[in-house]
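Here's the structure we're looking at; comments come further down.
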Amino acid sequence: MRALLQNPSARALFSGATNLYRSIKMSSQPVNPKAYPLADAHLTNTIMDLVQQAANYKQLKKGANEATKTLNRGISEFIVMAADTEPLEILLHLPLLAEDKNVPYVFVPSKQALGRACGVTRPVIACSVTSNEGSQLKSQIQQLKDAIEKLLI
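Counted the way UniProt numbering counts, the sequence shown spans residues 1 to 153.
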């Protein structure tokens, strides 16, 4: 084994395999129980698609601070938060505020995937899809809001 790891190409292959194992192991971490309601795989894909379209239509605010602002201004349609945020407490004020404003909210498993859906390369822990008069996304937003509200019941 020691002689095998002295070979540079074998060492690179071994190191790549351990990195792949670590990434798979990290991706299967249990989700914080405070992250409720958590979207299932199908709903997560639907949410990510709509978030991506909302980013294209300039109907998306990224980050916990901007999501808070949209809730306070009353222009938020729904809030999406990442369940793998560490520590999760940095965004747990959003569900309380969303309930006060009667805005649906949901957790998705990955902040990295949420960041990609938002159109940025960095992880995003929260985002808000905003309302816009005459938007082409209005019917899709309403369908998704209904699906998210069913999770909360």
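Where a beta carbon is used, it is the ideal one built from N, C-alpha and C, also for glycine.
Any idea which residues DSSP pairs residue i with across the strands?
i, result
"T130", "S76"
"L38", "F107"
"M81", "F107 and A126"
What span of residues does the beta strand (DSSP E) with residue i cover, start to end?
i, result
"L60", "L60 to K62"
Quick check: the Cα distance between residue i and residue j, rounded to an integer number of angstroms?
i, j, result
"I47", "G119", "14 angstroms"
"G134", "D49", "20 angstroms"
"P37", "S76", "18 angstroms"
"L94", "E149", "16 angstroms"
"S23", "E66", "In this prediction, S23 scores a pLDDT of 31, lower than 50, which makes its location untrustworthy; no coordinate-derived value is stated."
"E89", "M81", "12 angstroms"
"T121", "F107", "20 angstroms"
"I141", "R116", "19 angstroms"
"S131", "N45", "21 angstroms"
Assuming residue i and residue j form a contact by the criterion Cβ under 8 angstroms, report the distance between their Cβ atoms to the nearest whole angstrom.
i, j, result
"P104", "L152", "7 angstroms"
"A147", "L43", "6 angstroms"
"I79", "S128", "5 angstroms"
"G63", "V124", "7 angstroms"
"V31", "A83", "5 angstroms"
"A126", "L91", "5 angstroms"
"L114", "Y57", "Contact flag wrong, Cβ pair sits at about 17 angstroms."
"L71", "K34", "Going by Cβ atoms, the distance from L71 to K34 rounds to 19 angstroms, so no, they are not a contact pair."
"L97", "T68", "7 angstroms"
With residue i as the anchor, note down where its alpha helix (DSSP H) starts and where it stops.
i, result
"P33", "Here P33 belongs to no alpha helix (DSSP H), and DSSP marks it neither H nor E."
"E99", "H93 to D100"
"I141", "K138 to L152"
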